[in-house]
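Working notes, beginning with the structure itself.
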Amino acid sequence: MTKVLFVINTLGRAGAEIALITLLNKLKEEDVELSLFVLTGQGELIGDIPKEVKVLNTSFCEESVLTAQGRRVLKKTCADALFRKSGIIKNFAYIFKNFFSMLFKGQVRADKLMWRVLADTAPKQEEEYDLAVAFLEGGSTYYVADYVKAKAKAAFIHVDYEKSGYNEMLDRDCYERFDRIFAVSDELKQQFLHLYPRYSDKTLGFNNIIDVESVKEKSLQPGGFDDDYDGIRLLTIGRLTAQKSLEISVAAMKLLMDRGIKARWYVLGEGDKRKQLEKLIEQNELNDDFILCGSVDNPYTYLLQSDLYVHATGYEGKSIAVQEAQILGKPIVASDCSGNRELVADREDGLLAEFTAQAIANAIEEMLNNSEMMMEFGEKSKAKYRETTNIINELMELCH
Numbered sequence: 003m004t005k006v007l008f009v010i011n012t013l014g015r016a017g018a019e020i021a022l023i024t025l026l027n028k029l030k031e032e033d034v035e036l037s038l039f040v041l042t043g044q045g046e047l048i049g050d051i052p053k054e055v056k057v058l059n060t061s062f063c064e065e066s067v068l069t070a071q072g073r074r075v076l077k078k079t080c081a082d083a084l085f086r087k088s089g090i091i092k093n094f095a096y097i098f099k100n101f102f103s104m105l106f107k108g109q110v111r112a113d114k115l116m117w118r119v120l121a122d123t124a125p126k127q128e129e130e131y132d133l134a135v136a137f138l139e140g141g142s143t144y145y146v147a148d149y150v151k152a153k154a155k156a157a158f159i160h161v162d163y164e165k166s167g168y169n170e171m172l173d174r175d176c177y178e179r180f181d182r183i184f185a186v187s188d189e190l191k192q193q194f195l196h197l198y199p200r201y202s203d204k205t206l207g208f209n210n211i212i213d214v215e216s217v218k219e220k221s222l223q224p225g226g227f228d229d230d231y232d233g234i235r236l237l238t239i240g241r242l243t244a245q246k247s248l249e250i251s252v253a254a255m256k257l258l259m260d261r262g263i264k265a266r267w268y269v270l271g272e273g274d275k276r277k278q279l280e281k282l283i284e285q286n287e288l289n290d291d292f293i294l295c296g297s298v299d300n301p302y303t304y305l306l307q308s309d310l311y312v313h314a315t316g317y318e319g320k321s322i323a324v325q326e327a328q329i330l331g332k333p334i335v336a337s338d339c340s341g342n343r344e345l346v347a348d349r350e351d352g353l354l355a356e357f358t359a360q361a362i363a364n365a366i367e368e369m370l371n372n373s374e375m376m377m378e379f380g381e382k383s384k385a386k387y388r389e390t391t392n393i394i395n396e397l398m399e400l401c402h
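Next up, the structure:
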C-alpha cells in the first residue's frame, strides 16, 4: 500500500489546517496509508482528523495556539526546543545571522526564526514513505526537507511568501529537496517564483478542496448568533493577529457609525491581538457594534445568518472563509490584495476596495444601500463555486 505522510506546523482553526482535513478526508477513500505529524504537537482540530489517519505525535495539546493558555503552551514548546534540546546551540549562527538581517530591515519575526529550531529538534521519523507532504511553509517544510525519508516530496505555499517574512536565507535551500511545490493560487505561485524563479518547472497550482455539501449542511445546524439584534449583520472570520490587521476594520466601523449606518460587525476568531483590539473598540465606543466572538466550532451557522461578509486584510493566501461565504451565497466586500482578487470579481459578485478604513467603509456603505446589488452578488457568488477534486491526481501521481 502507498504510504503518505503529511506534516503541518500546528493544527489550529485556520484556513490551511481546515483545507488539510478536507484533503485527508478525500484521500482516505484512496488506496493509501495516511500518516500525520504536527510539528508543535498542538491544535484544537486534532479531533477532526479522520480516524483512518495515523497521528505520529506521542503527545498532543488540544489548546488553540491563539488563546492565552495555548500561547503559554507554545512558548513552553519553543523554550524546550531552544534550551533542553539545545536548539539555540545547534542553530546559533542561523539565529544570529537572520535576527540581525530582520533587525536591519526593521521587522523581527521571532516565529520565522523558531521554525528552523523546532524542525531541527522535533522527533525524527524512521519509516520511509512513498510521498511526504509539507503542508505549510516554514517548520513543516524544513522538517520534511531535512528529516523525512521519502521517495518523493511535495511542499505547499499558502501565503504571500515574501510579505509573510520568508526569504532564501531563512529557507537555506530547503526547496531543492522537493519534487513538486504547490501554490494554492496563481498569484501566490507568481509571488513565490519571484523569489525562486529557478523552481518554475516544478511549481504548480493546487486549489484547496472545500467540502461544499458539508459547508451547506453545517450551516443549517443549530447555533449562530445568540443576541437579540435584528439589524444588518456584517461578519468576518479570521485570526486576531497582525496579518489580519483588524484595526482597519474597527476604524471602518467607526466611520460607518459616524455616517449613521445601522449595522453590527462580528468577528469569529482568536489571537494575540485580542486585548489590543478590545482597547481600540472601547476607545471608539464600539462595544455594542464591533463584537469579537472568539473561535467557534461551527462558523457556518453564523455565515448563513449574516447579511454581508467582509474580508479586509493587508495580504492573503487564498481565503477558505471567502470561498465558504460564496458557497452560502453571501455578498462580499474584500480588500484588493493577492488571493482576494482571484476569488472576488469586482462589481460582478462582490466589491474590492483599497485596504484603508475609508475605502472599506465606502464599499460596505455602497453595498448596504443597494439591496438589489447585494442579492445579485450573493446569487453570483453561489453560482460560481463548484467543488473540484481532480486536483488530487496531481499530488498522488508523485507516488508513481
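So the mapping is simple: my numbering equals the position in the sequence shown, first residue as 1, plus 2. Cβ coordinates follow ideal geometry from the N, Cα and C atoms, glycine included. Just so you know, these numbers come straight off a predicted model, no measurement behind them.
Item to check | Three-way DSSP call (helix, strand, coil) for residue 7 in this model | outcome: Three-state result, residue 7: strand.
Item to check | Residue from 252, 33, 266 and 334 with nearest C-alpha to residue 234 | outcome: Residue 234 has its Cα closest to that of 266, out of 252, 33, 266 and 334.
Checklist entry - Which stretch, first to last residue, makes up the alpha helix (DSSP H) that contains residue 146? => result Unbroken alpha helix (DSSP H) run through residue 146: 141 to 149.
Checklist entry - Considering only C-alpha positions, which residue in the set 10, 291 and 274 is nearest to residue 232? => result The shortest C-alpha separation from residue 232 is found at 291.
Next on the checklist: Based on DSSP bridge pairs, tell me the residues matched to residue 337.
Outcome noted: Partner(s): 355.
Item to check | Backbone CA spacing between residue 378 and residue 100 [nearest angstrom] | outcome: Counting only the Cα atoms, residue 100 lies some 50 Å from residue 378.
Checklist entry - Contact between the segment 270 to 281 and the segment 344 to 355: three or more CB pairs below 8 Å? => result Result no; under three Cβ-Cβ pairs closer than 8 Å.
Checklist entry - When DSSP labels each residue in this structure, what does residue 391 get in the three-state scheme? => result Low local confidence applies: a pLDDT of 49 at residue 391 is under 50, so the model's placement there is unreliable, with the coordinate-based value given in what follows. The answer is coil: DSSP assigns residue 391 none of H, G, I, E or B.
Checklist entry - Does the distance from the CB of residue 137 to the CB of residue 158 come in under 8 Å? => result Taking 8 Å as the cut-off, the beta carbon of residue 137 is found closer than this to the beta carbon of residue 158.
Next on the checklist: Using a 10 Å radius around the Cβ and a threshold of 16 neighbouring Cβ atoms, would you call residue 155 buried or exposed?
Outcome noted: Residue 155 is classed as buried because its beta carbon has at least 16 other beta carbons within 10 Å across all chains shown.
Item to check | Pick from 46, 109, 367 and 6 that is closest to residue 244, judged by C-alpha positions | outcome: It is 109 whose Cα lies nearest to the Cα of residue 244.
Checklist entry - What's the gap between the Cα of residue 65 and the Cα of residue 35? => result As the crow flies, the alpha-carbon of residue 65 is around 27 Å from that of residue 35.
Checklist entry - Who are the Cβ neighbours of residue 256 in its own chain at under 8 Å, not counting the five residues just before and after it? => result Taken in chain order, the residues that qualify are 286, 288 and 359.
Checklist entry - Would residue 353 be called buried (16 or more neighbouring beta carbons within 10 Å of its own) or exposed? => result With a threshold of 16 other beta carbon atoms within 10 Å, residue 353 meets it and is buried.
Item to check | Beta-carbon contacts of residue 264 that lie in its chain and below 6 Å, excluding the five residues immediately before and after | outcome: Only 233 meet the Cβ criterion.
Checklist entry - Alpha carbon to alpha carbon, what distance is there between residue 187 and residue 165? => result Annotation: residue 165 to residue 187 spans about 15 Å, alpha carbon to alpha carbon.
Next on the checklist: Looking at the secondary structure, which residues open and close the alpha helix (DSSP H) in which residue 123 lies?
Outcome noted: 112 to 123 is the extent of the alpha helix (DSSP H) around residue 123.
Next on the checklist: Taking 6 Å as the limit between beta carbons, can you name the residues of its chain near residue 6, skipping five residues before and five after?
Outcome noted: For residue 6, same chain residues with a beta-carbon under 6 Å away, outside a window of 5 residues either side, are 34, 36 and 133 in chain order.
Next on the checklist: Please classify residue 77 as buried or exposed, where buried requires at least 16 neighbouring CB atoms within 10 angstroms.
Outcome noted: Per the 10 Å Cβ criterion, exposed.
Checklist entry - For residue 418, does the three-state DSSP call read helix, strand or coil? => result Here the chain has residues from 3 to 402 only, and residue 418 is not among them.
Checklist entry - When the distance is taken between beta carbons, is residue 90 closer than 8 Å to residue 236? => result Against a cut-off of 8 Å, the Cβ pair of residue 90 and residue 236 comes out as no contact.
Checklist entry - Hey, quick one: how far does the alpha helix (DSSP H) through residue 302 stretch, first residue to last? => result Element bounds for residue 302: 302 to 307.
Checklist entry - Does residue 371 come within less than 8 Å of chain D when only Cβ atoms are used? => result Although the question refers to chain D, the structure presented lacks it and comprises just one protein chain.
Checklist entry - Which ranges does the beta strand (DSSP E) cover as unbroken runs of at least 3 residues, wholly within the segment 254 to 320, from first to last along the chain? => result Fully enclosed beta strand (DSSP E) runs of 3 or longer: 265 to 270, 292 to 296 and 310 to 313.
Next on the checklist: Looking at residue 313: is its Cβ nearer than 8 Å to the Cβ of residue 329?
Outcome noted: Cβ atoms of residue 313 and residue 329: not closer than 8 Å.
Next on the checklist: With the cut-off set at 8 Å, would you say residue 295 and residue 315 are in Cβ contact?
Outcome noted: In this structure, residue 295 keeps its C-beta atom at 8 Å or more from the C-beta atom of residue 315.
Next on the checklist: One question on the structure: do residue 149 and residue 126 come within less than 8 Å of each other, judged by their Cβ atoms?
Outcome noted: Yes, the pair counts as a contact, with Cβ atoms nearer than the cut-off.
Checklist entry - How is the beta strand (DSSP E) around residue 234 delimited, first residue to last? => result Per DSSP, residue 234 belongs to the beta strand (DSSP E) from 234 to 239.
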